[in-house]
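Residue numbers (the UniProt record's numbering): 1 to 283.
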Amino acid sequence: MGRAFVEQIEHFAPHVFQALEGEGLYRSHSHESDELTLILDGEGSYMTQGHNILVARGDLILIPANLFHGFVCLKAWKGISVHFFKHEVPSYCQYLVGNAFQQNPDHILVSRLSGWQLDKAELALRQLEEEWSRREHGELSYDLMRNAFESLLLSYHVNASEAMKASRIEQGSDNQIIQEALKVIHASYQTALKISDLAARYFLSESIFRKKFTEMVGISPKQYIISLRLNEAKRLLQQTLKPIEWISSEVGFTSSSRFHELFVKHFGKTPLEWRKREETSSN
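In structure tokens:
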């Protein structure tokens with residue numbers, strides 16, 4: 001399983017940069033991974049070109065990959081940062097990250113937590129770190145990491161600032177309908193999800209829903225669900241030691257032969273061949 005979808009977990013050093021340090025005041029950098037940071041104490045500031053955000057205890061921060069940004073500690077702070085690759089995270093987490101960055105893809109995003117919500121987020125981070133740092137990963141390590149990371153992202157969305165919520169497209173527009181449908185698909189792709197049921201949620205006929213979805217996403221809803229299941233299976237093959245037949249069932253295929261057929265069609269290898277290739281390349 002390796003380190004699964006997390007590249008690095010870091011703790012803040014509890015110090016304050018002094019102004020006399022000059023150019024060292026802001027620590028500017030960028031990284032290929034996405035970042036999720038929780039401020040546990042103190043105060044600071046994050047900045048990008050033309051964008052400056054004051055942060056304090058309880059702020060849950062999302063920073064997109066390759067965004068050049070800086071930070072400065074204003075009052076001795078503590079926090080935990082998780083670096084991850086959004087295309088390698090589990091399916092629903094992938095949707096939650098993408099949805100957060102959809103409206104502001106080149107900005108640092110902040111959600112403000114307090115009380116038990118902050119305690120819950122910190123606990124999820126500790127659990128994520130505990131599983132990630134194990135020398136030997138147990139059978140359920142991947143699932144524990146997935147649950148902890150999903151909890152963090154859900155905390156971000158539930159507590160996102162009103163300003164960010166206000167920037168979302170009006171409820172009822174075609175784009176909003178498809179975005180809501182994508183959320184449902186990512187949350188329940190592994191079930192017997194019917195396109196007709198999705199369409200009925202938004203009071204649309206199945207044919208009109210298919211047309212709107214295909215125009216906006218580029219492929220049909222059925223193709224999207226199949227692609228999502230296969231990509232999730234590929235991640236599980238790489239990041240876990242779970243049996244192939246079990247993975248086939250977990251991602252939503254009722255027929256293992258159909259799973260093998262589609263996997264070979266999309267990736268040019270059988271699931272077993274793909275797993276062996278990944279094991280060889282990581283050694």
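Think of the CB as a built atom: it goes at the ideal place given N, C-alpha and C, for glycine as much as any other residue.
Would DSSP call V6 helix, strand or coil?
Strand.
Restricting to Cα atoms, I'd like to know which of E206, E273, V55, G138 is closest to Y46.
Among E206, E273, V55, G138, the Cα nearest to that of Y46 belongs to V55.
Assess contact between the region 61–68 and the region 105–124, defined as three or more Cβ pairs (one per stretch) separated by less than 8 Å. Is contact present?
Counting Cβ pairs under 8 Å, three or more are found: they touch.
Rounded to whole angstroms, what is the Cα-Cα separation between N147 and K194?
Each residue's Cα considered, the two are about 25 Å apart.
Counting along the chain, where does the beta strand (DSSP E) carrying Y92 start and finish?
Run containing Y92: none in the beta strand (DSSP E); it sits in the alpha helix (DSSP H), 91–102.
Can you tell me whether L74 is helix, strand or coil according to DSSP?
Reduced to three states, the DSSP call for L74 is strand.
To the nearest angstrom, report how far apart E130 and L123 are at their CA atoms.
Rounded to the nearest angstrom, the two C-alpha atoms are 10 Å apart.
Looking at the structure shown, is D119 part of a helix, part of a strand, or coil, going by DSSP?
Of the three classes helix, strand and coil, the one that applies to D119 here is helix, per DSSP.
In angstroms, rounded to a whole number, what distance separates the CA positions of A76 and D41?
Cα-Cα distance, rounded: 8 Å.
In whole angstroms, give me the CA-to-CA distance for F267 and H11.
One C-alpha to the other measures close to 38 Å.
Does the region 81–95 touch the region 132–151, meaning 3 or more C-beta pairs lie closer than 8 Å?
Yes, the region 132–151 touches the region 81–95.
Specify whether the region 207–219 and the region 232–243 touch according to this definition: at least 3 beta carbon pairs, one from each stretch, less than 8 Å apart.
No contact exists between the region 207–219 and the region 232–243.
Count the other CB atoms within 10 Å of the CB of G172; is the residue buried (16 or more) or exposed (fewer)?
The predicted model places G172 with a pLDDT of 48, which falls under 50 and marks its position as unreliable, so this point remains unresolved.
Please report the Cβ distance between H83 and S33, rounded to the nearest whole angstrom; I am assuming they are in contact, meaning their Cβ atoms lie under 8 Å.
About 4 Å separates the two Cβ atoms, so the contact holds.
Going by beta carbon distance, what residues of the same chain come within less than 8 Å of L275, once the five residues before and after it are set aside?
First, the amino acid is wrong: residue 275 is Arg here, not Leu. These residues qualify, in order along the chain: L237, Q238, I244.
Determine the direct distance from the alpha carbon of R135 to that of T37, and round the result to whole angstroms.
The alpha-carbon atoms of T37 and R135 are separated by roughly 24 Å.
I need the DSSP call for R168, collapsed to helix, strand or coil.
For R168, the pLDDT reaches just 42, beneath the cut-off of 50, and the residue's location in the model is therefore unreliable, although a value from the coordinates is still provided. If DSSP states are grouped into helix, strand and coil, R168 belongs with coil.
Would you decide whether V6 is buried or exposed? Buried here means 16 or more other CB atoms lie within 10 Å of its CB.
Classification for V6: buried.
Taking the alpha-carbon positions, what's the P271 to G44 distance?
Each residue's Cα considered, the two are about 47 Å apart.
Measuring CA to CA, which of G58, F263, Q49, E273 is closest to N159?
It is G58.
By Cβ distance, which residues of its chain are closer than 8 Å to residue 305, with the 5 residues on each side in sequence left out?
The shown model of the chain, from 1 to 283, leaves out residue 305, and the question about it has no answer.
Let me check understanding here. Comparing Cα to Cα, which of S133, Q102, S111, I39 lies closest to Q8?
Nearest option by C-alpha distance: S133.
On the three-state DSSP scale, how would you describe Y224?
Y224: helix per DSSP, three-state reduction.
Determine the extent of the beta strand (DSSP E) in which D174 is found, giving its start and end residues.
Note, D174: premise wrong, no beta strand (DSSP E); alpha helix (DSSP H) at 174–188.
Just how far apart, CA to CA, sit R168 and A100?
At R168 the pLDDT is 42, less than 50, meaning the model places this residue with poor confidence; the figure from the coordinates comes in the next sentence. For R168 and A100, the distance between alpha carbons rounds to 10 Å.
Identify whether D106 lies in helix, strand or coil by the three-state DSSP scheme.
Reduced to three states, the DSSP call for D106 is coil.
Is it the case that the Cβ atoms of A181 and F213 are separated by a distance below 8 Å?
Cβ atoms of A181 and F213: closer than 8 Å.
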